[in-house]
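Novice:
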Amino acid sequence: MTQTKIETLQQHLQEASLDVMIVSDPGAISYYLNIEFDPMERLWLLLVPKTGTPQLLANKLFVFDDPEAVDVTWVDDSDTPIDRLKATGLFNDAQTVGVDKQMIAGQLLPLINAYPDITFSVASDIVDDQRAIKTPEEQEKMRVASEINDRAIERLINEVIPYGVSETEACAELLRLYKEEGANQGFSFDPIVAYGANGADPHHEPDDSLPKPGDSVVIDVGCRNDYYCSDMTRTVYYGEPSDEAKKIYSITLEAQERGLKAAKVGHELSEVDLAGRDHIEEEGYGEYFTHRIGHFIGRETHEKGDVSSSNHTKIQAGNCFSVEPGIYLPGNTAVRIEDLVIATENGPEVINHYTKELQVIEPKTK
């Protein structure tokens, strides 16, 4: 798989008339090599020529088995990055070099100064567009991660939330559930459990709040398994909800279903957003849907791919993204419903299967 991914990248470099691509984004290096580090300021670069063997520049602090298909150049803290870059020899005959948007200026600028005849350009799209089309193997890993997420959220709703635990306690229990259900890399992002008015902040940070009767419970969670992420949101109710809460739940669910149906190969991503957004606006709650309807996902929870009303990019087979409309009534209540979908030639494949019927949790005591 590593070889195939790099060969595909090299083909794209040739098509773009680039002699070398510098990949510095740790997520992208993980994509190509299945090796992950947060390098901070240290050298961690994958240099990919349009033909021949790529080179990985890695600090000696990073411990990993040498990957196939690339040569590794080890660097220590006393080395000067520009000297190590020049020593690779990859830039000697290059005329055009692509750089991703993550490269540290302190590494890039000395390289530009050392090779004034080379044309450097931002070429992140070459990598990002490749990552946006999930291979069959990647799609299966996304399904597995989402299956784990389905099981864990069901247990959280049935085994934890009914006992009136705090938001932070619910998140702590969720990590245990993920481990028990087989997720081998923990959370894919910091989970959100938000009671009542807290849910009206789409990115609420869980705190010590406790649920009150009638509260909505917005649960936005995901695990990471074998390098791939899941992400799903369900809104349930701690006791009987108000009539308005039921109303906006129904509106949001219909908006989400419309968005999912629009997630077809050949459609614009904007059509997915507008399919859900238009329904919410028609029902009079447009001002309370305050974000795009989705984002791309894979090895990272948020990858390049903006499922918004302004993105007219055509959906391609293998794209995987969220569809997650919400209605947020400040100081009152909220609802968000999210699934992941894989675009296929046979139509959108929703890879979350936990129920979206309105659920009322009956409070319990231990």
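Using my numbering, you'd call the opening residue of the sequence shown number -16 and step up by one each time.
Ideal placement from N, C-alpha and C gives every residue a C-beta, glycine not left out.
1. Within the same chain, show all residues whose beta-carbon is closer than 7 angstroms to that of arginine 126, passing over the 5 residues directly before and after it, in chain order.
2. With 16 as the cutoff for other CB atoms within 10 Å, does asparagine 96 come out buried or exposed?
3. Quick one: residues in its chain with C-beta nearer than 7 angstroms to the C-beta of valine 143, no 5 flanking neighbours on either side, listed in chain order?
4. Return the residue from the list Lys43, Ile344, His(-5) that minimises the CA-CA distance to valine 219.
5. So, for methionine 215: in the same chain, excluding its five sequence neighbours on each side, which residues have a beta-carbon less than 6 angstroms away from its beta-carbon?
6. Quick check on DSSP: helix, strand or coil for glutamine 38?
7. Mind listing, in chain order, the continuous alpha helix (DSSP H) runs of no fewer than 4 residues lying wholly within the segment 48 to 74?
8. Just to confirm, is the Cβ distance from serine 149 to aspartate 191 under 8 angstroms?
9. What does DSSP give as the partner residues of histidine 278 in its beta bridges?
10. What separation, rounded to the nearest whole angstrom, lies between the Cα atoms of aspartate 49 and leucine 28?
11. Give the single residue among Phe279, Ser107, His295 whose Cα lies nearest to the Cα of leucine 257.
12. With C-beta atoms as the reference, is glutamate 307 less than 8 angstroms away from glycine 277?
13. Within its chain, find whatever has a CB closer than 8 angstroms to the CB of glutamine 239; leave out the 5 residues flanking it on each side and keep chain order.
14. Indicate whether leucine 30 and leucine 94 have their beta-carbon atoms separated by less than 8 angstroms.
15. For the segment 74 to 115, list the beta strand (DSSP E) runs that are entirely contained and at least 3 residues long, ordered along the chain.
16. Would you decide whether asparagine 75 is buried or exposed? Buried here means 16 or more other CB atoms lie within 10 Å of its CB.
17. As a quick exercise: from His285, Phe279, Ser104, Arg134, pick the residue whose alpha carbon is nearest that of valine 3.
18. When you compare only the Cα positions, how much space is there between glycine 197 and glutamate 251?
19. Name the two residues that bound the continuous beta strand (DSSP E) containing valine 219.
20. Straight-line CA distance for isoleucine 12 to serine 129?
21. Ignoring anything shorter than 3 residues, give me the beta strand (DSSP E) runs that lie fully in the segment 229 to 285, in order along the chain.
22. Which one or two residues does DSSP pair with glutamate 332 in a beta bridge?
23. Can you give me the C-alpha to C-alpha distance between glutamate 223 and valine 176, rounded to a whole angstrom?
24. Mind pulling the beta strand (DSSP E) runs of 3 or more residues that sit fully within the segment 112 to 182?
25. Is it buried or exposed, threonine 348, if we count other Cβ atoms within 10 angstroms and call 16 or more buried?
26. Going by the beta-carbon positions, is the gap between phenylalanine 272 and isoleucine 263 smaller than 8 angstroms?
27. Would you mind sorting threonine 63 into buried or exposed? The rule is 16 or more other CB atoms within 10 Å of its CB.
28. Going along the chain, which residues of its own chain have a beta-carbon closer than 6 angstroms to the beta-carbon of glutamine 122, five neighbours each way excluded?
29. Select from Leu243, Ile231, Val248 the residue whose C-alpha is nearest the C-alpha of glutamate 270.
30. Rounded C-beta distance between glutamine 113 and threonine 36? I'm assuming under 8 angstroms.
31. I need the straight-line Cα distance from serine 0 to threonine 56, nearest angstrom please.
32. CA-CA distance, leucine -4 and lysine 33?
33. Can you tell which of Glu51, Phe45, Val46 has the C-alpha that lies nearest to the C-alpha of glutamine 38?
34. I'd like the span of the alpha helix (DSSP H) that includes alanine 11, first residue to last.
Specialist: Here's the rundown:
1. Indexing the sequence shown from 1 puts residue 126 at position 143. Counting only Cβ-Cβ distances below 7 angstroms, and skipping sequence neighbours, we find Ile334.
2. Position 113 of the sequence shown, counting from 1, holds the residue named residue 96. Per the 10 Å Cβ criterion, exposed.
3. Counted from its first residue, the sequence shown places residue 143 at position 160. Same-chain partners within the cutoff: Ala153, Glu156.
4. Counting from 1 along the sequence shown, the entry for residue 219 is found at position 236. Restricting attention to Lys43, Ile344, His(-5), the CA atom closest to the CA of valine 219 is found in Ile344.
5. Looking up residue 215 in the sequence shown gives position 232. Only residues of its own chain outside the window of five on either side were considered, and among them Asn132, Glu321, Asn335 have a CB closer than 6 angstroms to the CB of methionine 215, listed in chain order.
6. As a first step, residue 38 must be located in the sequence shown, where it is residue number 55. Strand, per DSSP.
7. Secondary structure within the segment 48 to 74: the alpha helix (DSSP H) runs of 4 or more consecutive residues, fully enclosed, are 64 to 70 (chain order).
8. Residue numbering aside, residue 149 sits at position 166 when the sequence shown is read from its first letter. Residue numbering aside, residue 191 sits at position 208 when the sequence shown is read from its first letter. With contacts defined as CB atoms closer than 8 angstroms, serine 149 and aspartate 191 qualify as a contacting pair.
9. To locate residue 278, count along the sequence shown from 1; it is residue 295. DSSP, once it has assigned bridges, lists Asp289 as partnering histidine 278.
10. Within the sequence shown, the letter at position 66 stands for residue 49. Within the sequence shown, the letter at position 45 stands for residue 28. Distance between the alpha carbons of aspartate 49 and leucine 28 is about 14 angstroms.
11. Taking the sequence shown and counting its residues from 1, one reaches residue 257 at position 274. When each option's Cα is compared against that of leucine 257, the closest is His295.
12. Here residue 307 corresponds to residue number 324 of the sequence shown, with the count starting at 1. Here residue 277 corresponds to residue number 294 of the sequence shown, with the count starting at 1. Yes; because the gap between Cβ atoms is below 8 angstroms, this pair is in contact.
13. In the sequence shown, residue 239 corresponds to position 256, counting from 1. Cβ neighbours of glutamine 239 beyond the five flanking positions: Gly259, Val306, Glu307, Pro308, Ile320, Glu321, Asp322, Lys339.
14. Numbered from its first residue, the sequence shown carries residue 30 at position 47. Numbered from its first residue, the sequence shown carries residue 94 at position 111. Result no, Cβ atoms of leucine 30 and leucine 94 do not sit closer than 8 angstroms.
15. Runs of the beta strand (DSSP E) inside the segment 74 to 115: 79 to 82, 102 to 105.
16. Position 92 of the sequence shown, counting from 1, holds the residue named residue 75. By the neighbour-count rule (16 or more Cβ atoms within 10 Å), asparagine 75 is not buried but exposed.
17. Taking the sequence shown and counting its residues from 1, the one referred to as residue 3 is at position 20. For valine 3, the nearest C-alpha among the options comes from Ser104.
18. Your numbering for residue 197 matches position 214 in the sequence shown. Your numbering for residue 251 matches position 268 in the sequence shown. Glycine 197 and glutamate 251: Cα-Cα distance of roughly 39 angstroms.
19. Here residue 219 is taken as the residue at index 236 of the sequence shown, counted from 1. Run containing valine 219: 215 to 221, per the beta strand (DSSP E) assignment.
20. Start at 1 with the first residue of the sequence shown, and residue 12 comes out as number 29. Start at 1 with the first residue of the sequence shown, and residue 129 comes out as number 146. Distance between the alpha carbons of isoleucine 12 and serine 129 is about 23 angstroms.
21. Listed in chain order, the complete beta strand (DSSP E) runs (minimum 3 residues) inside the segment 229 to 285 are 277 to 279.
22. Within the sequence shown, the letter at position 349 stands for residue 332. Per DSSP, Ile325.
23. As a first step, residue 223 is located in the sequence shown; it is residue number 240 there, counting from the start. As a first step, residue 176 is located in the sequence shown; it is residue number 193 there, counting from the start. Near 18 angstroms, if we compare the C-alpha coordinates of valine 176 and glutamate 223.
24. As far as the segment 112 to 182 is concerned, its whole beta strand (DSSP E) runs of at least 3 residues are 175 to 178.
25. Residue 348 sits at position 365 when you count from the first residue of the sequence shown. With a 10 Å radius around the Cβ and a threshold of 16 neighbouring Cβ atoms, threonine 348 comes out exposed.
26. The residue labelled residue 272 in the question sits at position 289 within the sequence shown. The residue labelled residue 263 in the question sits at position 280 within the sequence shown. Less than 8 angstroms separates the beta-carbon of phenylalanine 272 from that of isoleucine 263.
27. The residue given as residue 63 occupies position 80 in the sequence shown. That one is exposed.
28. By 1-based counting over the sequence shown, the position of residue 122 is 139. Closer than 6 angstroms at Cβ, skipping near neighbours: Ile325.
29. Translated into the one-based positions of the sequence shown, residue 270 becomes position 287. The option with the nearest alpha carbon to glutamate 270 is Ile231.
30. Taking the sequence shown and counting its residues from 1, one reaches residue 113 at position 130. Taking the sequence shown and counting its residues from 1, one reaches residue 36 at position 53. The C-beta separation of glutamine 113 from threonine 36 comes to about 19 angstroms, leaving the pair out of contact by the 8 angstroms criterion.
31. The residue given as residue 0 occupies position 17 in the sequence shown. The residue given as residue 56 occupies position 73 in the sequence shown. For serine 0 and threonine 56, the gap between their C-alpha atoms comes out near 26 angstroms.
32. The count along the sequence shown starts at 1 and reaches residue -4 at position 13. The count along the sequence shown starts at 1 and reaches residue 33 at position 50. If you take the alpha carbons of leucine -4 and lysine 33, they lie about 6 angstroms apart.
33. If you number the sequence shown from 1, residue 38 lands on position 55. Of the candidates Glu51, Phe45, Val46, the one whose C-alpha sits nearest the C-alpha of glutamine 38 is Glu51.
34. Locating residue 11 in the sequence shown gives position 28, where the first residue counts as 1. Its alpha helix (DSSP H) spans residues 9 to 16.
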